[in-house]
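Notes follow the structure.
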Amino acid sequence: MILRPLAWQRIVWFALAAMTLFTLVVLFFIIGFITSKGAHVITLKFLFGMPERMGKEGGILPTIIATIYISLLAIAIATPIGVGSAVYLCEYTRESPITRVIRFGADALAGVPSIIFGLFGFILFVIRLRMGWSLLAGGLTLAFMILPTIIRTSEEAIRAVPYNLREVSYSLGGAKSQTIVRVVLPNALPGILTGVILGMGRSVAETAVVIFTAGSSLLMPKSLFDPARTMAVHFYILAREGLSMERAYGTALLLIIAILLINVVAYLLMYRLTRKMR
Amino acid sequence: MGKRLILRGVNLDIEANTIVSVIGPAHSGKTTLLRVINRLIETQREFMRSGDVLLDDAEVRRLDIDVLRRRVGLIFATPVPLPGTIFDNIAYGPRLQHHHRRQQLADLVEHSLRSAFLWDEVKDRLSTSALRLSGGQQQRLCIARTIAVDPEVIMMDEPTSGLDPISTAQIETAMRELKKQYTWVLVTNNTKQAARVSDKVAFFLSGELIEMGEAAQIFTKPKDPRTDDYVSGRIG
Amino acid sequence: MREKLIEKGLLLVAFSAVAMIFLIAYLIFREGVPLVAKVGVWDFIASTRWAPSKGSFGILPMIVGSLEVTLLAVIIGATLGLSCAMFLAEFAPRWSVRILKPMIELLAGIPSVVYGFIGVVVLIPFIRRTFGGPGFSVLAAAIILGIMILPTVIAISLDALNAVPPLYKEGSLALGATRWQTLHRVVLPAARSGIIAAFILGMGRAIGETMAVIMVAGNALTMPTSLLQPVRTLTSNIALEMGYASGDHQAALFATGMVLFVIIAILNTIALVIARPRT
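Protein chains in written order, with this note's numbering: chain S, 981 to 1258; chain D, 120 to 355; chain G, 332 to 610.
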């Protein structure tokens, strides 16, 4: 049967609209479901209390603290390396075999699944470097997991800085490094921060890496060398071992809220960046 | 790869405390000349040059690049304020050399802005964004910013090409007033402007220096017929 | 001098990603290769019997399980995701896209364990009721992974569609083509490499996902013969047993990681070849 183009278009429109609607319903169902089941669990006692009976009762304060520590540690390690790599790629070289090798490294790293990072962190940091399960081992491994994201976003941000700003700095006697520090990086900052914050989001959401490298101790971590359990790991253990469905919903909601906050901050930074360009 | 000869056989002297205009049609190598002098061309692309560029008696490639660029300032065709306040823009160069004393810096900023005839217009809003200035003000800001690093030569690459006549006049006044302190090299494709401000004029065509002489002579009795064609408007 | 030093330092920093990927490969292979050599390559990847305590290390069911789950997940995610992206790019009103796009990007950040959890409490009972069987199955894992990669696929292919210069579209519309004709004859081919990149990224997330899969796949050690049967993937095998494994058993888990590493490298290479823009 041959259909007129406009009839075709109508059929396609309905098909695509239906699929879009279905997709959105599924995605928003997940958020709505978790929210409706978890909202009543989140109380001050839940947020700031110590866990009791392996997390069946009490609060989740140590896991919140561990999540903050480990994700801050990850970005503290990954940011200088990522931004440094991006600066080198953008400011110091033209396209060459060297840049191709560096980009290959970053792309390959981006494709490594988190479970492999987990194995790697376990064998290198936990076992060989004798850190044991610890915040430090977890933060280091997460740092390398998020490194490609930070390199990529920083590169884009640095390339977006107009070339003539650099020329102005050079013509006023600025050395290359001064120009980068005083002109390029400040102007690329919102974009760089967006990448850093997205990396932080991935660290917060990660489970496999953290279980292998930071362990799953429910005690309050006192130093970087202590093992710890992040919110995502705690949620996984609660749900998988069926310890407390109610608390699992509460923790999941809290994770979603954390990711939401992180994304809103990233979005606002992007917005500031694009507005400044005008 | 595309090899291209941009300038050839250029031989010219620029005397201290004069205004020299470099005129010629588009793509005659004027901008490249400026970028060769302050070595900004080295940041852009692979290039080769033979021959010497002497500042006083020193070949520019033997000077430290930051020293050279402080001694020879460059103003671009479109004003490019650095994102930041007016004060930060002027203080950018001095701060690169670690001049951080507050009062000194404030004095220097005032002096530079006064020299560029911008002080009265901006003295009450030094801490507002330089991007909010008008085009003409931005270009004078760029001149003030260059003055703040205390150069000997100031080169300008068609500095008034995007400006209205009043702003243009203000910048030309600044050049004449500041002739006692600086040597000016003005690239322009506005022959009337060259006639108004310059002591000497150099005419470039297709990368070659065709003729250089006193401004009056170039515009009234050019020796080379091509110069005559250009200044009388038959080519270019 | 100082400038040269800074440049060398940055070069060193820039090579850390490369160094890291080689270090990861080296460490994983170093733990895994001796075991594979002992068991024999063929027995390791083509035997269906995995009984670490008895010295049997065959991971074929897991290789098949990983590929099966990933393929299905990508089909689900790509179909829904691309439809959604096309609708948002060409038919939906601008204001709705401005609201929906950041929300979809937000959904990409939700921890995969949360998707897995939804699978356990909603999808598994549904499958059990509708199709029978245990519910924990290839199908459940594929659906959950398909949904999990949706936001990534939508966001990236939407960017690719929007990056097509409006001139192309206007040229086609001006010739009297309908919006759908323009979309599938002009816009889709022009955005091809970006859309494939979106699928590759989705595929990478799906095959590498561990925790969500463990929660819904059932993790049985048998060869999956039906979509409703439980299955164990390569990633789940590592995560499930790492906690108590030692000696040869632990080495076998690293070898499993090694196989995963190689499979991902092969898939990425294939995908990159397909994605290379036609000249």
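C-beta atoms are modelled at their ideal positions from N, C-alpha and C, and glycine is treated no differently. The model shown is predicted, which means the values in this text are computed figures rather than measured ones.
Mind checking the segment 502-519 of chain G against chain S and listing, in chain order, the residues whose C-beta falls within less than 7 Å of any C-beta there? Thr509, Arg510, Trp511 and Gln512
Contact set between the segment 372-404 of chain G and chain S, restricted to residues whose Cβ is under 8 Å from the partner: none
The segment 1127-1161 of chain S: positions lying closer than 8 Å to chain G by Cβ: Leu1127, Pro1128, Ile1131, Ala1155, Lys1156 and Ser1157
Going along the chain, which residues of its own chain have a beta-carbon closer than 6 Å to the beta-carbon of Ala135(D), five neighbours each way excluded? Thr302
Are the C-beta atoms of Arg259(D) and some chain S residue less than 9 Å apart? no
Proximity to Ala177(D) [Cα-Cα], best of Arg190(D), Leu153(D), Phe166(D) and Tyr349(D): Arg190(D)
Contact set for Thr564(G): own chain, Cβ-Cβ below 7 Å, skip 5 residues either direction: Met393, Gly396, Ser397, Val400, Val544 and Ala548
Go through the segment 197-225 of chain D residue by residue and report every complete run of the beta strand (DSSP E) that reaches 3 residues or more, in order. none
Among Leu1233(S), Ile1131(S) and Ile1057(S), nearest to Val1021(S) - alpha-carbon criterion: Leu1233(S)
How about Leu996(S) and Leu1115(S): do their beta carbons lie closer than 9 Å? no
Got a sec: which bits of the segment 1044-1075 of chain S sit with their beta carbon under 7 Å from any beta carbon on chain G, in order along the chain? Ile1061, Gly1064, Ser1065, Val1067, Tyr1068, Leu1069 and Tyr1072
Once DSSP output is grouped into helix, strand and coil, what is the label at Glu161(D)? helix
Cutoff 8 Å; reference Ala1168(S); Cβ partners in own chain excluding five residues on either side: Ser1134, Ala1137, Ile1138, Ala1140 and Val1141
Opposing strand residues paired with Val1213(S) [DSSP bridges]: BP columns for Val1213(S) are empty, so no partner.
Which of the three DSSP states is assigned to Glu922(S) in this structure? The structure shown does not extend to residue 922(S), since chain S spans only 981 to 1258, so no value can be given for it.
Measure the alpha-carbon distance for Arg990(S) versus Ala1019(S) and round it to whole angstroms. 42 Å
Please compile the residues from chain S whose C-beta is within a distance smaller than 8 Å of the C-beta of Gly549(G). None at all; the shortest Cβ gap to chain S is about 13 Å.
Just the Cα atoms here: how many angstroms apart are Ile1126(S) and Val179(D)? 45 Å
Ile354(D), buried or exposed, once every other Cβ within 10 Å from all chains shown has been counted against 16: exposed
Report the rounded CA-to-CA distance for Arg1258(S) versus Tyr1251(S), giving the unit in angstroms. Confidence at Arg1258(S) is low in this model, with a pLDDT of 42, below 50, so the placement of that residue should be treated as unreliable; the coordinate-derived value is given next. So the two alpha carbons sit approximately 11 Å from each other.
DSSP bridge partner residues for Asp490(G) (one or two, in chain order): Per DSSP, none; premise fails for Asp490(G).
What are the start and end residues of the alpha helix (DSSP H) that includes Phe322(D)? Careful: Phe322(D) lies outside any alpha helix (DSSP H), inside the beta strand (DSSP E) at Lys319 to Leu324.
May I have the straight-line CA-CA distance separating Ile352(G) from Thr1129(S), to the nearest angstrom? 15 Å
Helix, strand or coil, according to DSSP, for Trp1113(S) in the structure here? coil
For Glu1259(S), does the count of other Cβ atoms within 10 angstroms reach 16, so buried, or fall short, so exposed? Here chain S comprises residues numbered 981 to 1258, so residue 1259(S) is not present and cannot be evaluated.
With 16 other CB atoms within 10 Å as the buried threshold, where does Ile601(G) fall? exposed
Can you find a CB in chain S that lies within less than 9 Å of the CB of Met573(G)? yes
Find the residues of chain G that neighbour Phe1215(S), judging by a C-beta separation of less than 9 Å, and give them in chain order. Pro442, Val444, Val445 and Phe448
Who does Ile177(D) pair with in a DSSP beta bridge? Checking the sequence, you will find Ala at residue 177(D) rather than Ile. Bridge partners of Ala177(D): Leu174(D).
Taking DSSP as the reference, what is the three-state secondary structure of Met1200(S)? coil
I'd like to know whether the C-beta of Leu211(D) is nearer than 9 Å to at least one C-beta of chain S. Reading the sequence as shown, one finds Tyr at residue 211(D) and not Leu. It does; some Cβ of chain S falls within 9 Å.
If you run the structure through DSSP and keep just helix, strand and coil, what is Ile133(D)? coil
Minimum length 4: unbroken alpha helix (DSSP H) runs contained in the segment 521-604 of chain G: 523-539, 542-548 and 565-573
How big is the Cα-Cα spacing for Ile266(D) and Glu1071(S)? 28 Å
Straight-line CA distance for Thr566(G) to Trp993(S)? 39 Å
Between the Cα of Ala404(G) and those of Leu470(G), Pro383(G) and Val593(G), spot the shortest distance and give me the residue it belongs to. Leu470(G)
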